[in-house]
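For reference, the structure is listed below as structure tokens.
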Amino acid sequence: MKTNLSALIAGLCLIALTVGCYHSVDGRTRAGKPFVKDRIESRYERPLDQIFDAAREVLAFNGTLTGENTISKSLEARVDNNKVWVKLDEVEPNICRVMVQARKSGGGGNVALASEIDKQIALQLQTR
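Using the working numbering, the letters of the sequence shown map in sequence onto residues 10 to 137.
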């Protein structure tokens, strides 16, 4: 009886600790609501540095740029009480994948903002 109760309590504690975390596109685990659509992925046929510069300009225009990692090509910003991450990967030479993730201040996903930032990055690339 005690063994079953201990196993049940341990299982509930494990579930309580793992539920409530999500992974951001820059690879970190953060507290928030998991299993919520919060990211948009796009591919562009442009050099990586050109897309990175366009993403930096869009995030600075819409909010405050809070983090920039030039090694892993990721950006972090605050836009209207939301956290926004942009991660760039080079899939093939001259073809890059852009992942935009947005989360509200309470930890919920904000796919509408992620979509808007992604659209603005595409428009910024057209003007170049």
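A virtual CB, placed ideally from N, CA and C, is assigned to each residue, including glycine.
**Study point:** Spatial neighbours of Arg112 in its chain, beta-carbon cut-off 7 Å, leaving aside the 5 residues before and after
**Key:** Position 103 of the sequence shown, counted from the start, is the residue given in the question as residue 112. For Arg112, where only same-chain residues beyond five positions count, the Cβ hits under 7 Å are Gly41, Asp47, Asn91, Lys92, Gly118 and Asn119.
Exercise for review: Using the DSSP secondary-structure output, state which residues sit across from Gly118 in a beta bridge.
Suggested key: Taking the sequence shown and counting its residues from 1, the one referred to as residue 118 is at position 109. Beta-bridge partners of Gly118 (DSSP): Arg112.
Practice item. With DSSP collapsed to three states, give me the class of Asn78. Key: Against the sequence shown, residue 78 aligns to sequence position 69. Note: Asn78 maps to strand in three-state DSSP.
Check your understanding: In terms of DSSP beta bridges, what is Lys96 paired with?
Key -> Indexing the sequence shown from 1 puts residue 96 at position 87. In the DSSP assignment, Lys96 forms a beta bridge with Ser83 and Met108.
**Study point:** Residue from Asp89, Ala64 and Phe70 with nearest C-alpha to Ser83
**Key:** The count along the sequence shown starts at 1 and reaches residue 83 at position 74. The shortest C-alpha separation from Ser83 is found at Ala64.
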